[in-house]
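Right, one structure below, let's go through it.
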RNA sequence: GUGAAUGUAGCUCAGCUGGUUAGAGCGUCGGUCUGUGGAACCGAAGGUCGGGGGUUCAAGUCCCCUCAUUCACCCCA
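In my numbering, the protein residues as written are 534 to 955.
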């Protein structure tokens, strides 16, 4: 191939498919707005430090997946691998946390240096919401129900919701101690990566999928037994409220999530239609994050959903517009020669300004070819001007469904078209 | 980062153990129909066979390297 190609793990999203993205984006905007969230847009790249501390060293994202580079002034910058940390950074920078609660949503590209695979790309798109200043379980369940509502509106009804509680700083520390103690005795049976994590980030061993680890973990202590009474109460309330909303959630004590900033509630929503990368949505509570990033001690909850994965599932559900559709026109303008085209240009413009979808074939091909294209465009009306029409000063207006033809003076055309389309 | 499979026309794919000039369907464009569409029929354009090197009288086909895609591992959206 002589020309350049899109970099590995990136894709061009082409016209028929972009229509589906637009539908999804609108649906996200509407759903978030209904739940009381307002949109925030942050830069595509941030200072590297914005991600390293909050996400946590020892996590895959920080250790091997970040696109980090140095700019011409020697600053270390990173293409955002997720959006929670940037949102917190922006909220602190602009003092948005001065009036609580603060509810924000976002959508846009993220970047992770990974080996591409179905449902996983180096540039992917996520949308998500963050709710600050709400310590109670109502906020946890609002976030979950928001995510499920967006999925429902995208036509995704086949999913699995799993939740867990990681406890707060104090009870998590006690659990970590117990877990390390347990695993250290069995370190020889653990996989090499898990053995490595034992000292760096032991909780991550819990969601290991290595068969060897799995056997060991069956006997391992779980977080449940270590939750302090406040955390246990919070988790119980979350589950009760979910049940009251008719939302089925499975308690999976092995869910720890890939980022260090989570506390208490964590959850994942997965689809059975995606192969190995089946997590569509992940999120949870991060009561310590704002403070860890240099702000006041303000609790937060949020979620992030992968847009490519949503589309993958939604396409199977058939709830999105067909990918082979062309733009739907109201009127097609057919000019048979240059003079006719020039005559129609202002009329075309007037019709468009009246709010109708109109287009003209500029290729100057034969009338039958133009009408055929007009029919394919879904237009109900065609406006035809050639030598004959120019002689009389009236265009031929043809109903593309009934094939009826009438002559209409050029001056009255815009109003006439508007009446026919009304 | 590891493993496996796959790269031939815009798209979906043929091309048998190497053999002459590279194939089909769909799509595109043109004609039949000189100014009235969707059909049918006829025709055309479009390929350095992903790229580079090697073996051979001869490579789309075999070997090596490389790039990319797909699937899985790891992990995540």
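Quick reminder that beta carbons are idealized off the backbone N, C-alpha and C, glycines included. This one's a predicted model, so the numbers in the text were calculated from it and none came from an experiment.
Within the DSSP bridge table, the entry for residue 864 names 891, 914 as partners. When the Cα atoms are used, residue 701 and residue 537 turn out to be separated by approximately 50 Å. Check the Cα spacing between residue 825 and each of 892, 699, 622, 605: the tightest is with 622. In chain order, 942, 943 place their CB closer than 7 Å to the CB of residue 926, counting only its own chain and leaving out the 5 sequence neighbours on each side.
Rounded to whole angstroms, residue 734 and residue 661 show a C-alpha spacing of 26 Å. In its chain, beyond the 5 residues on either side, 734, 737, 791, 792, 793 have a beta carbon closer than 8 Å to the beta carbon of residue 592. Cβ-Cβ separation between residue 864 and residue 912: approximately 6 Å, consistent with a contact (criterion under 8 Å).
In terms of Cβ geometry, residue 866 and residue 891 form a close pair [threshold 8 Å]. Of 774, 575, 766, the smallest CA-CA separation from residue 614 is found for 575. Of the candidates 545, 567, 811, 626, the residue whose Cα lies closest to the Cα of residue 691 is 811.
Going by DSSP, residue 684 is part of the alpha helix (DSSP H) stretching over 670-686. Under the three-state reduction of DSSP, residue 642 is assigned to strand. In this structure, DSSP gives residue 824 a helical state, which the three-state scheme calls helix. By the neighbour-count criterion, in which a residue is buried when 16 or more other Cβ atoms sit within 10 angstroms of its Cβ, residue 636 is buried. When only Cα atoms are considered, residue 654 and residue 612 end up about 14 Å apart. If you draw a straight line from the Cα of residue 775 to the Cα of residue 684, it comes to about 16 Å. Under the Cβ criterion (8 Å, minimum of three pairs), the segment 639-659 counts as touching the segment 838-851. In the DSSP assignment, residue 839 falls outside any alpha helix (DSSP H) and lies within the beta strand (DSSP E) extending over 833-839. Boundaries of the alpha helix (DSSP H) around residue 704: 702-718. Counting along the chain, the unbroken alpha helix (DSSP H) around residue 923 starts and ends at 920-925. Between the alpha carbons of residue 850 and residue 577 lies a gap of roughly 32 Å. When the five nearest sequence neighbours on each side are left out, the beta carbons in the same chain lying within less than 6 Å of the beta carbon of residue 880 are those of 946, in order along the chain. Residues 723, 724, 727, 738 of the same chain have their beta carbon placed closer than 7 Å to that of residue 746, with the five preceding and five following residues left out of the count. Residue 706 is not a Cβ neighbour of residue 834, given a cutoff of 8 Å.
Cα atoms of residue 694 and residue 676: separation of roughly 13 Å, rounded to the nearest angstrom.
The segment 547-575 contains, as complete alpha helix (DSSP H) runs of 4+ residues, the segments 548-567 (chain order). The beta-bridge partner set that DSSP reports for residue 697 consists of 799. Under DSSP, residue 814 takes part in a beta bridge, and its partners are 802, 838. Between the segment 797-804 and the segment 626-640 there are fewer than three inter-stretch CB-CB distances shorter than 8 Å, so the stretches are not counted as touching.
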